[in-house]
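Q: Read in order, the letters of the sequence shown correspond to residues -23 to -1, 1 to 403 in mature numbering (1 follows the signal peptide of the UniProt record, and there is no 0). In this text, a Cβ means the ideal position worked out from N, Cα and C, and glycines have one as well.
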Amino acid sequence: MKKTWLKTAIAVAVGALSTQVMAAGFALNEQSISGMGTSFAGRSSSADDATTLFGNPAGMSRLQREQVSFGMAAINAKTDINDTSSFPASGSNDGDMVPVTAVPMGYYVKPLDDKWAVGVGVYVPFGLITDYESGFEGRYFGDYSEVRVITVQPTVSYRFNEKLSVGFGPTINRIDGQLESAVPPATAGATADSRVKIKGDDTALGFNVGVLYEFTPHTRAGITYRSKVDYTLEGDTRVSGNDPTLAFIGAYGEYDASLDLETPESIDVSITHELNDQWTLYGGAMLTRWSRLESIIVENDGVAAGPATASFGTIEEEQDWHDTWSYALGAAYKLNKQWTLRTGLAFDQSPTNNTHRSPRIPTGDRTAVSFGLAWNPTDDMTVDLAYSYLWEEDTKIQQASATRGVYNATYENRAHGFGAAMTYRF
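1. For the candidate residues L350, R381, A363, E389, whose alpha-carbon lies nearest to that of E369?
2. Below 7 Å CB to CB, which residues in the same chain sit around G283 once its five sequence neighbours on both sides are set aside?
3. Going straight from the alpha carbon of R20 to that of T164, what length do you get?
4. For G199 and N6, which I take to be in contact (beta-carbon distance under 8 Å), what is that distance rounded to the nearest angstrom?
5. Specify, as a first and last residue, the run of the beta strand (DSSP E) that M82 falls within.
6. Among T222, Q155, D179, whose alpha-carbon lies nearest the alpha-carbon of Y208?
7. Quick one: grab the DSSP three-state call for F225.
8. When DSSP labels each residue in this structure, what does I10 get in the three-state scheme?
9. Could you spell out the range, first to last residue, of the beta strand (DSSP E) harbouring G307?
10. Write down the C-beta distance between R337 and S62 rounded to the nearest angstrom, noting that I regard them as a contact closer than 8 Å.
11. How about S303 and D325: do their beta carbons lie closer than 8 Å?
12. Suppose you measure from the CA of S378 to the CA of Y135; what does that come to, to the nearest Å?
13. Under a Cβ-count criterion, where at least 16 other Cβ atoms within 10 Å of its own Cβ denotes burial, should L223 be classed as buried or exposed?
14. Return the bridge partner residues of I248 from the DSSP annotation.
15. With Y117 and R381 assumed to form a contact (beta carbons below 8 Å), what rounded beta-carbon distance in angstroms separates them?
16. For M74, which of helix, strand or coil comes out of DSSP?
17. Should W298 be labelled buried (16 or more other beta-carbon atoms within 10 Å of its own) or exposed?
18. Indicate the three-state DSSP secondary structure (helix, strand or coil) for Y217 in the structure shown.
19. Here's the rule I'm using: 16 or more other beta-carbon atoms within 10 Å means buried, otherwise exposed. How should N253 be labelled?
20. Taking S243 as the reference, give the member of L141, W267, W256 with the closest Cα.
21. Would F184 pass as a contact of G144 if the rule is Cβ separation under 8 Å?
22. Touching or not, the stretch 345 to 365 and the stretch 318 to 333, by the rule of three or more beta carbon pairs under 8 Å?
23. Where DSSP assigns a beta bridge to G154, which residues make up the other side?
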């Protein structure tokens, strides 16, 4: 019994760590507020400001002046949970499990001459917080998750001629997370759940490389490749509670845990066309290789020796995710020298499937519409504002486990995004 309970508890928590990080749509898009206004349709080709350091580092070659850009996006998500059924758990399904989340960003770019430019950016490529109420009906499959990746990217770009530019930047990525789940009582007649909590972190390297080609002074295309990043998360798993049976068999305590995982590579392609002095059109597509997440393999140390825990050293859980495409179209209209309006429409696939989707990542295919505004009070300053609304197809959770029971539900997800940024040119 000790082996089964410990294996289930720690596998649930540690396995959810990489699942949470890798969820499509929870891989954050909000690294540019000017791009947010067009649903990121021209992310690898627009090169409008210093945020191109993320969108396409080759675009730094188009910036004529030294500049700094910094901003913040806020995400307010809402969920309705319906058609629920469970065993043995009972409880509530409020759906109010995602607090308002802030996503910061900052960039600096300096042209060295008419060919070379350098810069550095700080942004958040992955992140999510879900915090269900304490009596959540699906708590045995996860009721608290907090994961984030913060990236620092020093970057250089080179302009070969009037048409072709390239850019490259290594990425220094810091991941950390905390996940919790309830565990069903092991003592007959007991009503109090036990809990399992895991914390882990790591720092790893990747890179971002891009090419920008200008067919004419008014039409340009870009392609950006963001590499996979290999992590080995090191942390600990803590099991707590006051169930007499679990206390008697020594289940409670703290264990060392490690997990190898990869965040996926992506290829972003887009085109920007300046139709005239007022209208600019954008189109783009991105492929993300989520199929790298086939299974979760967890290594655990510090487990007491003995036949009851002999097979507990390594745990494997299947995920079976698939690659995804996202598509976007956008437009910008320049009212005058000071004001520019933006809008965009995007579609984003989910990598999850009905077999393995959990309450930690109840996400499905999504559609988003965006609106943006740029204000240039002077030639040196631009203020960008953006708003996005996204909605997902109804998503089904169908979880069943011999040790955690059953939880079925239908999720209806939607979210509002707000962004503000300022760019200053020296």
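A: From the atom records:
1. Measuring from the Cα of E369, the nearest candidate turns out to be E389.
2. Because the pLDDT of G283 is 44, which lies under 50, any placement of that residue in the model is unreliable, and the question is left without a value.
3. Those two C-alpha atoms are separated by around 56 Å.
4. Incorrect: roughly 16 Å between the Cβ atoms, too far for contact.
5. Bounds of the beta strand (DSSP E) holding M82 are 78 to 88.
6. Checking every option, the nearest Cα to that of Y208 belongs to D179.
7. Correct three-state label for F225: helix.
8. DSSP places I10 within a helical segment (H, G or I) once states are collapsed to three.
9. Run containing G307: 301 to 311, per the beta strand (DSSP E) assignment.
10. The C-beta distance from R337 to S62 rounds to 19 Å, too long to meet the 8 Å contact threshold.
11. Annotated as proximal: S303 and D325, with beta-carbon spacing under 8 Å.
12. Straight-line measurement puts the Cα of Y135 at about 55 Å from the Cα of S378.
13. Burial is judged here by how many other beta carbons sit within 10 angstroms of a residue's own beta carbon; L223 has at least 16 and is buried.
14. Answer is A198, G260.
15. 4 Å between Cβ atoms; contact.
16. Coil, per DSSP.
17. W298 comes out buried.
18. The sequence shown places Ser at residue 217, rather than the Tyr named in the question. Here DSSP, grouped into helix, strand and coil, assigns S217 to strand.
19. N253 should be labelled exposed.
20. S243 has its Cα closest to that of W267, out of L141, W267, W256.
21. At a Cβ-Cβ threshold of 8 Å, F184 and G144 do not count as neighbours.
22. Flag = yes, the stretch 345 to 365 and the stretch 318 to 333 touch.
23. Paired residue(s): V124, G177.
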